[in-house]
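Notes follow the structure.
Residue numbers (the UniProt record's numbering), protein chains in the order written: chain D, 1 to 213; chain A, 1 to 213; chain X, 1 to 213; chain R, 1 to 213.
Structure, rendered in structure tokens:
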């Protein structure tokens with residue numbers, strides 16, 4: 001089995017992106033599966049094009065995109081991506097779309113096809129905080145997740161895919177007040193568990209991990 | 001013009017629900033439109049059935065559902081509802097669905113057809129904090145918003161509809177630590193602005209109000 | 001009985017200070033006591049000098065200083081002021097003391113002589129969130145509180161005095177993300193309760209309102 | 001040089017206390033100084049008695065007490081301890097003092113004699129978030145810090161002492177929502193830096209690290 005894992009480059013004035021920092025530290029083989037790691041630019045459209053090419057090239061069985069969610073407290077496995085981009089800050093090439101549809105012929109939203117509840121449960125078993133998130137925002141993270149699931153829906157039916165958000169690293173919050181962070185080793189462990197769980201799980205478990213709002 | 005506004009009854013151990021507390025204080029006429037107010041039970045399925053009946057009966061031009069988002073800091077106008085229910089607590093009749101599709105023949109998600117950016121902008125002009133939210137959760141609030149937009153899509157094509165979340169009232173946080181709240185008068189003002197804006201706005205403005213995650 | 005209530009002028013880039021906005025709206029007579037209201041500059045030293053003069057002039061029985069605690073969720077009645085100034089931003093005349101003792105012949109700290117537990121309890125009875133705080137910071141708020149209690153200790157033995165922090169107003173957080181606020185009417189009610197309680201209470205009640213850290 | 005470092009045992013329903021978990025992992029020699037580690041019960045009075053005995057026995061040059069501050073985001077070096085105990089929960093032997101003076105003949109407060117600004121600065125240089133805190137609460141942490149500084153003032157004039165609060169470990173927040181944590185290795189590194197800094201620094205640096213409230 002082959003797993004493609006992507007991480008974004010730094011954006012929004014940050015010097016590092018914990019997503020790719022963690023992705024590049026992953027083992028090359030996890031639970032018997034080959035792990036391909038690729039850095040993707042935090043740029044609308046271009047990020048999806050690069051992902052598409054990489055999928056064509058590598059023909060993975062699973063694609064997991066990883067991004068930074070500065071301000072979140074735990075590993076958050078995204079449930080759904082929506083067909084809209086609404087940027088609060090420019091991307092790394094100066095684009096700032098407002099309320100733009102990502103793909104005109106796409107669904108309003110796509111649900112992750114990763115076993116999200118199993119992943120959350122297994123990360124927590126490793127004593128690392130994790131939860132399901134019901135919004136990946138409206139920036140490039142939601143954009144790539146939507147793009148991935150759109151591509152799967154239209155072109156790569158047999159691939160399973162989804163998105164995981166990671167907190168800031170401690171070094172990123174040294175100059176920010178009251179902002180949570182997570183050690184890089186814990187992020188790497190959590191992503192490793194996510195990959196292992198995806199490789200080994202066909203049907204997700206049914207446990208409650210919803211939010212009232 | 002006729003506007004139907006719903007608010008949920010109290011849930012999760014609370015004695016009041018700021019949503020209906022505010023809804024019932026709304027004027028009967030706003031911006032020339034008749035305002036119909038109805039309390040809806042915080043119950044999966046039943047809430048949608050009651051809403052459907054009320055729409056059939058009242059034939060409104062606009063439907064705005066309002067719910068409590070305990071822990072949020074500002075008025076949050078929801079952008080999207082997703083086709084899933086995942087309850088972290090029981091509803092008021094003991095239901096606790098996990099990862100259940102709301103309507104098998106519905107879209108993965110529906111976008112609000114209210115002028116959400118205009119509403120947020122106009123509430124802020126009244127000096128009350130407000131923002132667009134990209135998740136209504138996976139509990140009865142998302143459920144009723146999804147149900148409303150599904151009904152509009154399938155049966156009531158000409159109605160515009162959406163959902164607004166309101167913070168706790170101050171009285172609800174007296175026994176909670178570090179939890180934000182909003183005065184009932186401010187919530188009523190904000191909802192009044194939302195109704196007025198919807199009545200008077202055909203095309204939403206394009207201003208950035210997205211989130212990176 | 002006469003109660004002197006002070007509120008600071010705006011600082012840190014804010015257009016209003018909720019402290020004086022609330023103070024100036026107080027009734028002139030509360031629980032039979034005369035209420036004298038005075039605005040004080042957010043300036044180290046000068047604020048204490050003006051307070052001293054005002055006390056000499058008015059000969060109040062009680063002095064309550066009020067200040068803005070932007071980011072706090074509730075009314076916070078301060079327990080203690082410490083003999084140090086450590087400014088993170090300049091005051092309104094450009095002073096930015098670092099680790100400076102306020103009065104060389106003062107105690108390390110002074111405790112409020114207001115009935116702080118009774119005040120918190122009574123504000124909460126009005127359905128407005130309140131708690132005891134164990135730090136007034138190290139800026140001008142702690143400075144004036146320390147100055148007041150130093151003056152009481154050295155010159156005005158029979159006066160009772162203390163400090164109350166109030167949250168931002170809603171209008172102040174319209175452009176801030178995820179920041180709590182409190183309606184001006186609720187702040188005025190809470191301060192009125194604080195004054196009434198102080199006038200009517202000789203011995204504070206003993207109820208737990210501590211913090212583990 | 002000899003440094004005595006204490007950490008509390010678990011309290012408040014927690015299975016571990018990150019304070020002693022980190023303290024027991026410290027090297028036995030840091031910056032040439034001998035490091036003595038001792039676990040102290042989270043109990044009013046008794047904790048101070050044990051500390052007193054240990055100081056008599058070990059005759060350290062420096063004493064650093066360490067405690068858990070669940071909910072804080074970073075390493076917090078305490079500036080001051082106040083002469084009062086006000087417990088919001090019982091200690092580990094069922095005591096729950098309300099507004100009790102710790103030592104009748106003690107000052108209202110004592111300031112840390114550690115180089116707190118240097119410690120914070122050096123921890124941040126290691127890319128670990130840290131700040132000065134102006135309240136150690138009113139529970140056993142403030143109690144032991146006050147007790148330590150009282151003992152130094154009355155009996156052990158040449159010892160330097162103070163208190164450092166540490167966040168929850170990740171494993172402690174797996175079942176808590178939106179609560180920050182810090183990896184044990186980062187806490188150990190930060191405490192090591194604190195000890196090294198104290199050993200090597202006679203006069204603290206003057207940099208701003210105050211709070212407006």
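A virtual CB, placed ideally from N, CA and C, is assigned to each residue, including glycine.
Small disclaimer: the values here were computed from a predicted structure and weren't measured.
{"query": "The stretch 170-179 of chain X contacting the stretch 31-38 of chain R, beta-carbon criterion three pairs below 8 Å", "result": "no"}
{"query": "First and last residue of the uninterrupted alpha helix (DSSP H) at residue 147 of chain X", "result": "140-154"}
{"query": "Burial state of residue 134 of chain X, where buried means 16 or more other Cβ atoms lie within 10 Å", "result": "buried"}
{"query": "Residue span of the beta strand (DSSP E) that contains residue 111 of chain D, given as start and end", "result": "109-111"}
{"query": "Whole alpha helix (DSSP H) elements within the stretch 56-126 of chain X, 4-residue minimum", "result": "116-125"}
{"query": "Residue span of the alpha helix (DSSP H) that contains residue 196 of chain A, given as start and end", "result": "184-200"}
{"query": "CB of residue 43 of chain X within 9 Å of CB of residue 83 of chain X, strictly", "result": "no"}
{"query": "Inter-stretch contact (C-beta, 8 Å, three-pair minimum) for the stretch 65-74 of chain A and the stretch 125-141 of chain A", "result": "yes"}
{"query": "Residues within the stretch 178-197 of chain D neighbouring chain R, beta-carbon criterion of under 8 Å", "result": "178, 179, 180, 181, 182, 183, 185, 186"}
{"query": "Outcome for residue 207 of chain X when other beta-carbon atoms lying within 10 angstroms are tallied against a minimum of 16", "result": "exposed"}
{"query": "Contact list for the stretch 102-136 of chain R against chain D, Cβ threshold 7 Å", "result": "124, 127, 128, 129"}
{"query": "Residues that residue 160 of chain X contacts on chain R, provided the C-beta gap is smaller than 9 Å", "result": "Result: empty, since nearest Cβ-Cβ is about 16 Å, beyond 9 Å."}
{"query": "Proximity of residue 115 of chain A and residue 204 of chain A at Cβ, strictly below 9 Å", "result": "yes"}
{"query": "Sheet register partners of residue 163 of chain A (DSSP bridge)", "result": "A:65"}
{"query": "Boundaries of the alpha helix (DSSP H) in which residue 8 of chain R is found, first to last residue", "result": "Premise fails: residue 8 of chain R lies in the beta strand (DSSP E), 2-8, not in any alpha helix (DSSP H)."}
{"query": "Residues, ordered as in the chain, of the stretch 26-53 of chain R that lie near chain X by beta-carbon distance below 7 Å", "result": "none"}
{"query": "Beta-bridge partners of residue 37 of chain R, as assigned by DSSP", "result": "R:5"}
{"query": "Straight-line Cα distance separating residue 63 of chain R from residue 73 of chain R", "result": "24 Å"}
{"query": "Cutoff 9 Å: residue 16 of chain X Cβ touching any chain R Cβ", "result": "no"}
{"query": "Meets three-Cβ-pair contact criterion under 8 Å: the stretch 147-156 of chain A and the stretch 99-116 of chain A", "result": "yes"}
{"query": "Buried/exposed call for residue 202 of chain D, threshold 16 Cβ in 10 Å", "result": "exposed"}
{"query": "Interface residues of chain R facing residue 98 of chain X [CB-CB closer than 8 Å]", "result": "206, 207, 208, 210"}
{"query": "Rounded separation between residue 78 of chain X and residue 99 of chain D - CA only", "result": "46 Å"}
{"query": "Contact check, residue 88 of chain X vs residue 161 of chain X, beta carbons under 9 Å", "result": "no"}
{"query": "Contact set between the stretch 145-175 of chain X and chain A, restricted to residues whose Cβ is under 7 Å from the partner", "result": "170, 171, 173, 174"}
{"query": "C-beta neighbour in chain A for residue 11 of chain X, strict 9 Å", "result": "no"}
{"query": "Bridge partner(s) assigned by DSSP for residue 29 of chain D", "result": "D:34"}
{"query": "Start and end residues, alpha helix (DSSP H) containing residue 130 of chain A", "result": "Per DSSP, residue 130 of chain A belongs to no alpha helix (DSSP H); it is in the beta strand (DSSP E), 130-133."}
{"query": "Cβ neighbours of residue 9 of chain D in the same chain (closer than 8 Å, five flanking residues each side left out)", "result": "17, 20, 39, 40, 41, 42, 92"}
{"query": "Closer than 9 Å to chain A by CB, residue 73 of chain X", "result": "yes"}
{"query": "Among R:7, R:2, R:49, R:13, the one whose alpha carbon lies nearest that of residue 28 of chain R", "result": "R:2"}
{"query": "Under 9 Å between C-beta atoms of residue 22 of chain D and residue 166 of chain D", "result": "yes"}
{"query": "Under 9 Å (Cβ pairs) to chain X, residues found in the stretch 81-93 of chain R", "result": "82, 83, 84, 85, 86, 87, 88, 89"}
{"query": "Where residue 137 of chain D falls, given that 16 or more other Cβ within 10 Å makes a residue buried", "result": "buried"}
{"query": "Short CB-CB distance (under 9 Å) between residue 142 of chain D and chain A", "result": "yes"}
{"query": "Cβ pair residue 54 of chain X, residue 4 of chain X closer than 9 Å", "result": "yes"}
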